[in-house]
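In my numbering, the protein residues as written are 6 to 222.
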Ligand code: SF4
């Protein structure tokens, strides 16, 4: 019997917690803490704890499926890629668009951009985070000169006052929520603005509830 641990990143949210996958005889059987990451310090939430389960799940597709009418047939990769490339060649570059996802890694998104611009020759490449975050990017740029996070995650735990707008951090990003709790334990104040009375609202010193849809007007 062989047993190894492979260090990787949890794929389930943008916190980016590190963890070890436990691999027995080439099969991933569980997760274990990875203590050297400053993001999560060896801890993971329930989503991360079970993030390995889809790897060998019987529902997972292992071969491409090609649809004929309403039926999907198993195919080999050469046949699937030939079909995809043939269908793409029926369109002009400006008739095609690529939409990528926040669930993809930076590397996946980079490849999607290269595929759109370099292979399909289209300028239409977009990402779901642009829809969610274009308003916050403008705000961050005006306030801090940079449209991205300007602090590390551990810095949140050292803050004296945290303003949280439209994010149920304690449930959606629990390991960042842990830093909020750490700051609260030190005496920091949490100001929370959201349409819903969430678990993050319960932890706040000041909860500002506004009508849904009015936060980005
Ligand atoms: S907070 Fe949970 S879901 Fe998000 S990266 Fe960490 S372990 Fe994964």
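Glycine residues also receive a C-beta, built at the ideal position from the N, C-alpha and C atoms.
> So what does DSSP say about residue 208, is it helix, strand or coil?
Replying inline: For the purposes of this step, residue 208 is taken as residue 203 along the chain shown, with counting starting at 1. Residue 208: coil per DSSP, three-state reduction.
>> Checking the sheet assignment: what are the DSSP bridge partners for residue 40?
In response: Here residue 40 refers to the residue found at position 35 when the chain shown is read from its first residue. Residue 40 pairs with nothing; no bridge assigned.
> Which residues have their C-beta within less than 6 Å of a heavy atom of ligand 1, listed in chain order?
Replying inline: 15, 17, 18, 20, 21, 22, 45, 49, 50, 52, 53, 178, 179 and 180
> Any contact of the segment 97-117 with the segment 73-88, i.e. 3+ C-beta pairs under 8 Å?
Replying inline: no
> To the nearest angstrom, how far is it from the Cα of residue 51 to the Cα of residue 138?
Replying inline: In the chain shown, residue 51 corresponds to position 46, counting from 1. In the chain shown, residue 138 corresponds to position 133, counting from 1. Each residue's Cα considered, the two are about 26 Å apart.
>> Using only the alpha-carbon positions, how far apart do residue 56 and residue 92 sit?
In response: If you number the chain shown from 1, residue 56 lands on position 51. If you number the chain shown from 1, residue 92 lands on position 87. Approximately 35 Å between the Cα atoms of the pair.
> What's the call for residue 6, buried or exposed, on a 16-neighbour Cβ count within 10 Å?
Replying inline: Against the chain shown, residue 6 aligns to sequence position 1. That one is exposed.
>> Rounding to the nearest angstrom, what Cα-Cα distance links residue 13 and residue 27 in this structure?
In response: The sequence position of residue 13 within the chain shown is 8, counting from 1. The sequence position of residue 27 within the chain shown is 22, counting from 1. One C-alpha to the other measures close to 11 Å.
>> Bridge partners for residue 202 per DSSP, in chain order?
In response: Counted from its first residue, the chain shown places residue 202 at position 197. Looking at the DSSP assignment, residue 202 forms no beta bridge with any residue, so it has no partner.
> Going by C-alpha distance, which of 58, 141, 181 and 115 is nearest residue 131?
Replying inline: Your numbering for residue 131 matches position 126 in the chain shown. Measuring from the Cα of residue 131, the nearest candidate turns out to be 115.
>> Can you tell me whether residue 36 is buried or exposed? The criterion is at least 16 other CB atoms within 10 Å of its CB, across all chains shown.
In response: The sequence position of residue 36 within the chain shown is 31, counting from 1. Buried, by the Cβ-count rule.
> Taking C-alpha atoms, which residue in 189, 187, 153 and 201 lies nearest to residue 170?
Replying inline: Walking along the chain shown from the start, residue 170 turns up at place 165. It is 201.
> Under 7 Å, do residue 23 and residue 42 count as touching if we go by C-beta distance?
Replying inline: Along the chain shown, one-based indexing puts residue 23 at 18. Along the chain shown, one-based indexing puts residue 42 at 37. In contact: residue 23 and residue 42 (Cβ atoms closer than 7 Å).
> Taking the C-alpha atoms as reference points, what is the distance between residue 177 and residue 158?
Replying inline: As a working note, residue 177 is residue 172 in the chain shown. As a working note, residue 158 is residue 153 in the chain shown. Residue 177 and residue 158: Cα-Cα distance of roughly 15 Å.
> Is DSSP giving residue 121 helix, strand or coil here?
Replying inline: What you label residue 121 is simply residue 116 of the chain shown in a count that begins at 1. DSSP places residue 121 in helix when its eight states are reduced to three.
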